[in-house]
Amino acid sequence: MSEQLPEGVKRRAFDGTDRLATRGEPVYGEPTDGAWRAWNPHRSKLGAMLEVGMDTGLEGGETVLYLGAASGTTVSHVADFAGPTYAVEFAARPVRDLLETADSRERLFPLLKDARKPATYAHVVESDVDVIVQDVATRGQARVALENRQFLADDGRLLLAVKARSEDVTREPAAVFEDVREELAAGYEVLEAKRLEEYHTDHLGIVARPR
């Protein structure tokens with residue numbers, strides 16, 4: 001089966017290594033080859049989901065709501081190939097870096113907001129987004145996904161990276177992941193779930209669609 005990558009994401013050779021890449025200004029010191037910049041899966045949960053072969057449903061050009069954008073490592077790659085990309089981050093310091101990243105990406109819209117409080121940005125984010133990408137290191141990661149479901153189109157996708165240690169550092173990750181999946185069932189159907197251990201310890205990638 002051929003690899004399923006969005007339009008605008010390619011495999012390129014960097015220093016003799018075949019890696020995912022997008023076209024855009026470099027952000028975090030990643031290797032470049034002309035206009036192409038390497039997408040480091042060790043620094044990106046979504047990059048890791050693509051590397052382990054998950055069917056994200058991304059095709060390129062989608063409207064994206066990105067929850068937990070931090071300083072912009074992953075969301076900068078997303079904005080390279082997606083359509084309008086709303087980047088939610090609640091910490092002021094990384095948002096300053098995110099704003100710099102957005103300078104060269106006219107489709108990237110940073111929002112200094114808390115992903116646990118979607119009402120605070122509902123007036124900005126358009127309804128019926130195609131994709132929610134979530135990488136929020138907090139308790140209640142399933143609850144965040146459920147509360148932001150209101151923005152997702154009926155045929156949209158949730159791409160969720162679950163960090164077990166953020167939910168409960170004392171429990172086995174497998175048990176945490178099962179609880180998250182059960183809670184998600186209140187609003188989503190899980191299409192695929194895969195551990196991201198090769199790149200991120202105690203993380204689970206989930207692809208889901210709204211019920």
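Under my numbering, the residue at position 154 of the sequence shown is numbered 154, and the numbers go up by one with no gaps.
Where is the CB? At the ideal position from N, CA and C, for every residue including glycine.
Considering Cα atoms alone, identify which of the options is closest to residue i.
i           : options            : result
residue 93  : 85, 113, 84, 82    : 113
residue 208 : 201, 198, 187      : 187
residue 136 : 157, 164, 127, 125 : 164
residue 176 : 138, 74, 122       : 138
residue 104 : 198, 200, 23       : 23
residue 91  : 148, 70, 14, 82    : 70
residue 198 : 78, 44, 4, 15      : 44
residue 131 : 143, 174, 121, 154 : 154
residue 48  : 35, 162, 170, 189  : 162
residue 60  : 82, 206, 170, 37   : 82
residue 37  : 16, 206, 172, 10   : 10
residue 4   : 16, 15, 25, 58     : 58
residue 159 : 172, 78, 95        : 78
Report the rounded CA-to-CA distance for residue i versus residue j, giving the unit in angstroms.
i           : j           : result
residue 204 : residue 107 : 28 Å
residue 33  : residue 18  : 12 Å
residue 185 : residue 145 : 11 Å
residue 21  : residue 41  : 11 Å
residue 141 : residue 120 : 18 Å
residue 12  : residue 194 : 25 Å
residue 202 : residue 122 : 32 Å
residue 16  : residue 35  : 18 Å
Check the C-beta distance from residue i over to residue j and give it rounded, since I have them as a contact under 8 Å.
i           : j           : result
residue 110 : residue 87  : 5 Å
residue 97  : residue 192 : In fact, because the Cβ distance is near 31 Å, the residues do not count as touching under 8 Å.
residue 74  : residue 46  : 5 Å
residue 129 : residue 151 : 5 Å
residue 210 : residue 143 : Not quite, the Cβ-Cβ distance comes to about 15 Å (not below 8 Å), so this is no contact.
residue 68  : residue 115 : 6 Å
Is there at least one non-hydrogen atom of the ligand COA closer than 7 Å to the beta-carbon of residue i?
i          : result
residue 17 : Looking at this structure, you won't find the ligand COA or any other ligand, since it has none at all.
Is it right to say residue i is buried, meaning 16 or more other beta carbons lie within 10 angstroms of its own, or is it exposed?
i           : result
residue 101 : buried
residue 127 : exposed
residue 134 : buried
residue 80  : buried
residue 7   : exposed
residue 85  : buried
residue 51  : buried
residue 174 : exposed
residue 157 : buried
(message) For the pair the stretch 15–29 and the stretch 173–183, tell me if three or more CB-CB distances fall below 8 Å.
(response) no
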